[in-house]
Amino acid sequence: MVVKASKAEKKIAYDAKLCQLLEEYTQILVAAADNVGSNQLQNIRRGLRGDSVVLMGKNTMMKRTIRMHAEKTGNTAFLNLIPLLQGNVGLIFTKGDLKEVKEEVAKYKVGAPARVGLVAPIDVVVPPGNTGLDPSQTSFFQVLNIPTKINKGTVEIITPVELIRKGDKVGSSEAALLAKLGIRPFSYGLVVQSVYENGSVYSPEVLDLSEDDLVEKFASGVSVVTALALAISYPTLAAAPHMFINAYKNVVAVALATEYSFPQADKVKEYLADPSKFAVAAAPVAGGGDAPAAAAKEEEKKEEPAEESDEDMGFSLFD
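The opening position of the sequence shown corresponds to residue 1 in my numbering, with each subsequent residue numbered one higher.
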C-alpha cells in the first residue's frame, strides 16, 4: 500500500525542487495559466521536455521559497521574481533559446466555448450565412437583435454581428447561441508575461526584436545623441564629423569676408572670382553620360559588304 505524503512533506519537497531549479537555471519565463486544463498543461510539459521545466504552484508558497533561497544563497537577484507572481501564473525554467521556448509554448493553445460569466479576451463576431437551424430557433436571434431570414427551411444570418466585445462578460443568451452554432470563439494556453534572465526582468516583446530592429533603434539613438551634442556644443564621437564640417564652413566664411586666406579657402575664392569655372567643373559630369552612347553608336556603324557585280558571277545582262 502506497503511503500518501502529508502536506508538510509535500511543502518540503516543493521547496527543495524550486530551490534546485533556481540554482540550475538562469532563464525563467513567467506565464499566465488562466483557463489552462491539466491535459493541456501536460502536453506543454511534454513539448518542452529536454531543456525546459514547467513548475506550477501557489504564489504564496513560491514567494516564500524564493525569499528563503535568496537569504540562504545571498543572491538577492531572485527577489525580482516576487513582484511577477500575481494571479494564476507558472514558472518555465529553460536553458534553451528564450524566443524558441516562447514560440513553442504558444503552439499549445486550444479552442474553448464561451461560458456564462466568462470575461471575453477578444471580440466575438458572428459571421453571416446559413446556420443550419430550423425556424423554431429564431427566438435566440431575436433576443440578441441579430437580423435573420428563412432560406430553404433554415435560419440564415444576413449581416455579421458583433456579439460580444472584449472585456464584457458572456451572457446566457450569447453562450447558448454560440453553442448552437458550434462556435468556440476563445483559445487559451500559457501566455508569457515576463522574462527573468540572470537577475534582469524584461517584457517578452523584447524576444521578438530582430537584428534589423536593433540596428534601427541604435541608429535612432545615435542621431539623438548627435543632435544633443551639436545643440550644446559638446564633442562626441558621433558629433565630431559634423563639428569639423561646421567649423570648416565658418573659417571659410571668415576668409571670404576678410583678407585672411589659407590653401583650402584659396580654391573657393578662385571659383567665386570666376564663376565660369563652375560650368567647366560641371561639364565632364554632364557629358559623362553621352560617352557610352557615342561608343555604342560607333559600334553600330559597320561597313556594309560591297554588292557583288554581275561580272563576278560570270555572266552579264546581255549574255
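Where a beta carbon is used, it is the ideal one built from N, C-alpha and C, also for glycine.
Here the stretch 94 to 113 makes no contact with the stretch 145 to 159; the two share fewer than three CB pairs at distances below 8 Å. Assignment of beta strand (DSSP E) within the stretch 119 to 170, counting only whole runs of 3 or more residues, yields 124 to 126, 148 to 151, 154 to 157, 161 to 164 in chain order.
By a beta-carbon distance limit of 8 Å, Tyr-196 does not contact Ile-44. Their separation comes to about 19 Å.
If you draw a straight line from the Cα of Ala-32 to the Cα of Val-89, it comes to about 4 Å.
Residue burial annotation: Thr-76 is exposed, with fewer than 16 other C-beta atoms found within 10 angstroms of its C-beta. One alpha carbon belongs to Asp-123, the other to Gly-111, and they sit about 15 Å apart. Of all alpha-carbon atoms in Asp-15, Thr-94, Gln-20, the one lying nearest the alpha-carbon of Lys-58 is that of Asp-15. Between the stretch 124 to 142 and the stretch 152 to 161, the count of C-beta pairs closer than 8 Å reaches three or more; the two stretches touch. Judged by beta-carbon spacing, Leu-133 lies beyond the 8 Å limit of Val-170, meaning their Cβ atoms are not closer than that value. For Leu-79, the CB contacts under 8 Å within the same chain, skipping 5 residues up- and downstream, are Ile-66, Arg-67, Ala-70 in chain order. Excluding five sequence positions before and after Ser-187, the CB atoms of its chain that fall closer than 7 Å to its own CB belong to Lys-109, Val-110, Gly-111, Ala-112, given in chain order. Scanning the stretch 38 to 85 for uninterrupted beta strand (DSSP E) segments of 3 residues or longer gives 52 to 55, listed from N- to C-terminal end.
Taken through DSSP and simplified to helix, strand or coil, Ala-106 comes out as helix.
Tyr-25 sits close to Thr-94, with the two beta carbons spaced by under 8 Å. Taking C-beta separations shorter than 8 Å and ignoring five residues to either side along the sequence, the partners of Gly-153 in its chain run Asp-134, Pro-135, following chain order. Membership of Ser-187 in the beta strand (DSSP E) is indicated by the continuous run 186 to 188. Around the CB of Thr-131, 16 or more other CB atoms lie within 10 Å, so the residue is classed as buried.
With contacts defined by Cβ atoms closer than 8 Å, Ser-261 and Ala-255 form a contacting pair.
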